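Here is the structure we will look at.
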Amino acid sequence: MTLKDAVEGEEYIIRHIDTDDEELEAFLFSLGCYAGEAITVIAHRKGGCTVSIKDGRYNIDSQLAEAIMI
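In our numbering, the protein residues as written are 423 to 492.
Written out as structure tokens, the structure is:
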């Protein structure tokens, strides 16, 4: 299941990031978004979703949300 399919308000554990872009993966790692970390979808938006990772909230686009496997 991808982050795009997640239910708002429920906490999930990231299984892996499905991308071949090392720069994108490094960026997500700097946000605390990596395998084994908890993530919560705060709200789904038209162009993506708002997520909570550790103590931060981030807006991510639909393409990125589809790359995060939970």
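Glycine included, every Cβ here is placed at the ideal spot set by N, Cα and C. Model, not experiment: these values are computed from the prediction.
If you drop the 5 nearest sequence neighbours on each side, which residues of the same chain put their C-beta closer than 6 angstroms to that of residue i?
i	result
D440	A489 and M491
A457	I436 and H438
M512	The chain is shown from 423 up to 492; residue 512 falls before or after that span and cannot be answered.
Helix, strand or coil for residue i, going by three-state DSSP, please let me know.
i	result
E445	helix
D427	helix
E432	coil
A465	strand
A487	helix
With a threshold of 7 angstroms on Cβ separation, who are the neighbours of residue i within its own chain once the five nearest residues in sequence on each side are excluded?
i	result
A428	Y434, V463 and I492
Check the C-beta distance from residue i over to residue j and give it rounded, since I have them as a contact under 8 angstroms.
i	j	result
G470	I461	Not confirmed; about 14 angstroms, so no contact.
E430	A487	Actually they do not touch by this definition, with Cβ atoms about 13 angstroms apart.
L453	G478	7 angstroms
K426	S484	6 angstroms
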